[in-house]
Structures are given as structure tokens and as C-alpha cells.
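**Student:** The sequence shown begins at 1 in the UniProt record's numbering and counts up by one.
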Amino acid sequence: MLWQTLSSAKTQQYYAQNGITWRFIALRAAWWGGWWERLIGIVKQCLRKVLGRALLDEESLSTVLIGIEAALNSRPLVYEEESDDNSAALTPAHFLTGRKLTAIPSRLENTRLNKIYKQQQDLLDCFWKKWSKEYLLQLRSFHQVRNKDSTINIRVGDIVLLQEDIRPRHMWKKARVMNLHQGRDGKIRSCELRVNGRNVTRPVQLVIPLEIDQGGEDIGNEIKCKV
Numbered sequence: 001m002l003w004q005t006l007s008s009a010k011t012q013q014y015y016a017q018n019g020i021t022w023r024f025i026a027l028r029a030a031w032w033g034g035w036w037e038r039l040i041g042i043v044k045q046c047l048r049k050v051l052g053r054a055l056l057d058e059e060s061l062s063t064v065l066i067g068i069e070a071a072l073n074s075r076p077l078v079y080e081e082e083s084d085d086n087s088a089a090l091t092p093a094h095f096l097t098g099r100k101l102t103a104i105p106s107r108l109e110n111t112r113l114n115k116i117y118k119q120q121q122d123l124l125d126c127f128w129k130k131w132s133k134e135y136l137l138q139l140r141s142f143h144q145v146r147n148k149d150s151t152i153n154i155r156v157g158d159i160v161l162l163q164e165d166i167r168p169r170h171m172w173k174k175a176r177v178m179n180l181h182q183g184r185d186g187k188i189r190s191c192e193l194r195v196n197g198r199n200v201t202r203p204v205q206l207v208i209p210l211e212i213d214q215g216g217e218d219i220g221n222e223i224k225c226k227v
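#1: Can you give the beta carbon distance from V204 to I154, rounded, assuming they're within the 8 Å contact cut?
#2: Can you give me the Cβ contacts of G183 inside the same chain, cut-off strictly under 7 Å, excluding the 5 residues immediately before and after it?
#3: Applying the 10 Å Cβ sphere with the 16-neighbour rule, what's the burial state of T63?
#4: Alpha carbons only, please: which of L27, G186 and G197 is nearest the one belonging to V177?
#5: Is N221 buried or exposed, if buried means 16 or more other CB atoms sit within 10 Å of its CB?
#6: Taking 7 Å as the limit between beta carbons, can you name the residues of its chain near L123, skipping five residues before and five after?
#7: Taking just the CA atoms, how far does H181 sit from V43?
#8: Check I25 in the structure and name its three-state DSSP category.
#9: Out of D185, G186, N179 and L206, which one is the CA nearest neighbour of R194?
#10: According to the Cβ coordinates, are W128 and A71 closer than 9 Å?
#11: Below 6 Å CB to CB, which residues in the same chain sit around L55 once its five sequence neighbours on both sides are set aside?
#12: Jot down the residue ranges of each uninterrupted beta strand (DSSP E) in the UniProt domain "DUF5641" (117-209), minimum 3 residues, whole runs only, in chain order.
#13: If the criterion is Cβ atoms closer than 9 Å, does the pair L161 and L210 meet it?
#14: May I have the straight-line CA-CA distance separating Q13 from R23, to the nearest angstrom?
#15: If I measure Cβ to Cβ from T11 and keep anything under 8 Å in the same chain, skipping five residues before and after, which residues do I get?
#16: Measure the Cβ-Cβ separation of R75 and W172 and say whether it is below 9 Å.
#17: Quick one: complete alpha helix (DSSP H) runs, 4+ long, within the stretch 32-94?
#18: Assuming I208 and L136 make a contact with CB atoms under 8 Å, what is their CB distance in whole Å?
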């Protein structure tokens with residue numbers, strides 16, 4: 001049913017008018033899209049955990065899905081070098097809309113709307129906590145695969161993500177690597193980072209490179225080439 005709708009003449013006309021082109025990977029080669037397939041997988045997994053057996057009407061479900069879409073499209077892809085702010089990063093939203101996604105207004109006057117809004121925000125906050133944690137784990141895993149021949153995939157001057165247990169929705173804490181510290185075994189064990197105008201030290205386990213490194217390499221494309 002869905003495929004019939006996507007391939008209908010009306011839909012094809014809409015594609016042509018808006019410059020939309022579908023590109024497919026080879027049949028039965030799902031691993032070619034390893035990175036985005038993994039993103040889809042963790043979204044589904046987190047969504048099942050958050051919603052559980054909750055029954056949402058169409059409007060409420062649509063609102064939650066739009067919020068999830070905003071979370072995914074607000075993740076940092078690469079550091080914006082022309083900006084003086086270390087926290088500035090390009091996100092998928094920049095390529096979709098040309099700007100950052102704006103938040104939903106924080107106050108509604110109607111009591112019932114306030115209740116509905118709070119329920120939706122609670123769902124989105126719960127999804128964000130689960131999804132962002134899984135996303136960072138998968139991002140670290142992909143970098144480890146890409147750099148399996150190297151002991152460290154972080155360099156001085158890189159803009160990196162900091163893994164934290166408490167993080168507001170759509171907020172990613174970023175830092176610049178100032179120095180790398182070795183342990184007694186000669187391996188890099190911690191990093192000196194510049195965060196919000198001050199230097200802090202964190203173990204490498206809590207420091208994760210962005211999806212696209214300073215050289216502009218996309219981890220998804222590199223995984224695809226190695227398969």
C-alpha cells in the first residue's frame with residue numbers, strides 16, 4: 001500500500017515539481033547503509049521503549065514523531081569552522097531548512113492544551129534520553145571500527161562531543177581538544193578540553209568525535225566502502 005502510494009502518478013508529479021529523486025542501495029545489501037540503518041534501528045528501539053502500550057491519537061502521535069524528527073535533525077554533524085564559537089556545528093536541519101530548528105513555545109494558556117503539551121514533552125524528553133545515549137554509543141562504535149588500526153581517533157584541535165548523563169533536549173555539549181595525556185602504558189587515556197571558556201580534563205571514553213571529521217569524511221560512506 002505504501003509503495004503504491006509512493007509510486008503513483010500524483011506522487012511522481014510532486015517529486016518532479018520539487019526536485020526530489022529517490023536513490024536506492026543494491027537489493028539485499030542493507031549493510032551498505034550501515035550508519036543510517038543503525039540510526040533508524042535505535043529510533044525504533046527507543047520509540048518502543050518510550051511509548052510502550054500507550055494509546056495516542058493521530059494528532060498526538062504526529063506531534064511526538066515531529067519532535068523525534070527535530071531531535072535527529074538537530075544532532076551535530078561537523079564543526080562550523082567559520083564560527084568563533086566552539087559550540088557551533090552544522091546539523092542535518094541546516095541542509096534541510098538552512099537554519100536551526102526552533103523550539104515549541106514553552107507556554108500555552110488553555111489548561112487542556114497545557115496538559116497535552118506536558119504529556120508530549122515528557123514523551124519527547126524520555127525519548128531524547130534514551131536515543132541520545134544510544135546514538136553516542138553507536139557513534140563511538142563506528143569511529144572505533146574506522147580507526148581500528150589506530151590507538152586513538154582524537155587529535156589536538158578537534159571539536160568533539162562530551163558524553164554526559166544529564167543533558168537538555170537538543171543540547172549537545174561540545175569542546176575543543178587542547179592536549180592529549182598518556183598513561184603509564186603509553187596509550188592516550190585522557191584529554192584536556194576547552195569548554196565554555198575553561199579547561200577541563202576528561203577520559204577518552206567520554207569524548208566522541210563528530211559524525212564528519214575535520215577533513216570532511218562521512219563515517220557512513222567510509223563504512224560502506226570497507227564492506
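Where is the CB? At the ideal position from N, CA and C, for every residue including glycine. All values reported here derive from a predicted model rather than from experimental measurement.
**Tutor:** So, to answer that:
#1: 7 Å
#2: R189
#3: buried
#4: G197
#5: Legend: pLDDT at N221 = 43, less than 50; position of this residue unreliable, no value from coordinates given.
#6: V50 and V64
#7: 35 Å
#8: coil
#9: N179
#10: yes
#11: none
#12: 159-162, 174-182, 188-195, 198-203 and 207-209
#13: yes
#14: 17 Å
#15: T5
#16: yes
#17: 34-51 and 58-73
#18: 6 Å
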